[in-house]
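So the structure is just underneath, and the comments pick up after that.
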Amino acid sequence: MSGPGQDLHALPPREFLEHVHSFEFWLGAVQGYLAGRPYGHREELAEPARSEAEREQLVTVLCHYCLGETMALEGAGGLIRRAPNRPTKVFLATQTVDEGRHLEVLVHRLAELGVADPEGEIERRASAELMRFRDRLLAFVGAGDWEAALFAQNVVLESAEFAVFQRHARSADPITREVLLGVIKDERRHLGFGENELGRRIARNPALHERLRRVRAELDPLVLDSFERTLSLLGTPAAERSELGRDYLAAVERLGFA
Ligand SMILES: [Fe+2]
Ligand SMILES: [Fe+2]
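For the sequence shown, our numbering puts the final residue at 622, and the numbers step up evenly by one.
Structure follows, in structure tokens:
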């Protein structure tokens, strides 16, 4: 077992992975940025002035984020039963908690922006690409296809969220920025788990690479169309939008899906 003060990198690879995917590790990781930040941001941060049109755009973008977090919450929770062993089940339990928290802070952010019925607003503003992505992801989860589901969720969706949130955080108001930066820290952990679990499986089974390449070919256009919509709402110039597409593709390609 590992304990406080132990150099994690001195652990044998299997123990290291089990530790970084455990609740023990999770507790230490989240304490730093959850403490003193009810609903994901310090209370003293001031809401900036914005026009009604700017508020509308921000609300739509946050509604899309809520859809992404809801599918990740349902996907991570649904995958616990399908996970191949106990350490992966435990990790997915931590991820389920993270995704629930992300959804909660983003819904709260909508309320702070004066949205009276976040639930209805998220449904009303849903984008067709995101809904199609959700259907595909939850179909993989429902079919018990561990590898395709984990790829869609912890590689494709997480890479997309990571890229969009990071970019949005740069130009966001201080409250939204703090919320997004907290969420990003968790998404990085989820992405790391997906890459690791699938990377080891691909190394053992080269046919898996080809199968996931086909899944990716189906999902990439949905993700990229969804980026296009979100970033144009945020007023991001076209050049930066294609940069975001590249960030996303680079993240997915780390698994060798060029
Ligand atoms: Fe999330
Ligand atoms: Fe996540």
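Backbone N, C-alpha and C define an ideal beta-carbon position, used for all residues, glycine too.
How far does the alpha helix (DSSP H) with residue i in it extend, from its first residue to its last?
{"i": "Val519", "result": "Counting along the chain, Val519 falls outside any alpha helix (DSSP H), and DSSP gives it neither H nor E."}
{"i": "Ala410", "result": "Ala410 -> no alpha helix (DSSP H), and no H or E assigned at all."}
{"i": "Pro451", "result": "450 to 476"}
{"i": "Leu514", "result": "510 to 514"}
Reducing DSSP to helix, strand and coil, say where residue i ends up.
{"i": "Arg378", "result": "helix"}
{"i": "Ile444", "result": "coil"}
{"i": "Ser491", "result": "coil"}
{"i": "Leu556", "result": "It should be pointed out that residue 556 corresponds to Gly in this sequence rather than to Leu. Helix, per DSSP."}
{"i": "Asp550", "result": "helix"}
{"i": "Gly392", "result": "helix"}
{"i": "Leu479", "result": "According to the sequence shown, residue 479 is Val rather than Leu. Val479 falls in the coil class under three-state DSSP."}
{"i": "Leu619", "result": "coil"}
{"i": "Asp371", "result": "coil"}
{"i": "Ala417", "result": "helix"}
{"i": "Arg500", "result": "helix"}
{"i": "Val384", "result": "helix"}
{"i": "Gly432", "result": "helix"}
{"i": "Arg401", "result": "coil"}
{"i": "Ala536", "result": "coil"}
{"i": "Ala527", "result": "helix"}
Does the beta-carbon of residue i, which I'm using as the reference point, lie nearer than 7 Å to any heavy atom of ligand 4?
{"i": "His385", "result": "For the structure depicted, ligand 4 is absent and the ligand set comprises only ligand 1 and ligand 2."}
Whose C-beta lies closer than 8 Å to the C-beta of residue i among residues of the same chain, with five residues either side of it excluded?
{"i": "Val423", "result": "Leu474, Leu477, Val479, Glu485, Arg489"}
{"i": "Asn560", "result": "Leu381"}
{"i": "Arg575", "result": "Glu511, Ala512"}
{"i": "Leu431", "result": "Ile486, Ala490, Ser491, Leu494, Met495, Arg498"}
{"i": "Pro448", "result": "Trp510"}
Would you please state the rounded distance, in angstroms, between the beta carbons of residue i and residue j? I believe it to be under 8 Å.
{"i": "Val425", "j": "Leu598", "result": "6 Å"}
{"i": "Ser590", "j": "Leu494", "result": "5 Å"}
{"i": "Phe504", "j": "Ala492", "result": "No, Phe504 and Ala492 are not in contact; Cβ-Cβ is about 19 Å, not under 8 Å."}
{"i": "Arg500", "j": "Glu592", "result": "Contact flag wrong, Cβ pair sits at about 19 Å."}
{"i": "Phe387", "j": "Thr460", "result": "Actually they are not in contact, since the Cβ atoms of Phe387 and Thr460 sit about 12 Å apart, beyond 8 Å."}
{"i": "Pro412", "j": "Asp537", "result": "5 Å"}
{"i": "Phe526", "j": "Leu555", "result": "6 Å"}
{"i": "His405", "j": "Glu542", "result": "4 Å"}
With a threshold of 6 Å on Cβ separation, who are the neighbours of residue i within its own chain once the five nearest residues in sequence on each side are excluded?
{"i": "Gly464", "result": "Leu437"}
{"i": "Ile444", "result": "Lys453, Leu456"}
{"i": "Gly508", "result": "Arg446"}
{"i": "Ala440", "result": "Leu456, Gln459, Thr460, Glu463"}
Under 7 Å Cβ to Cβ from residue i, same chain only, skipping five residues before and after it: list those, please.
{"i": "Leu572", "result": "Glu511, Arg565, Ile566"}
{"i": "Val616", "result": "Val519, Val520, Ser523, Arg580"}
{"i": "Thr594", "result": "Val425, His428, Val528"}
{"i": "Leu586", "result": "Glu493, Arg496, Phe497"}
{"i": "Gln530", "result": "Ile548"}
So within the region 561 to 613, which uninterrupted beta strand (DSSP E) runs reach at least 3 residues, ignoring any that extend past its ends? As far as the region 561 to 613 is concerned, it has no whole beta strand (DSSP E) run of at least 3 residues.
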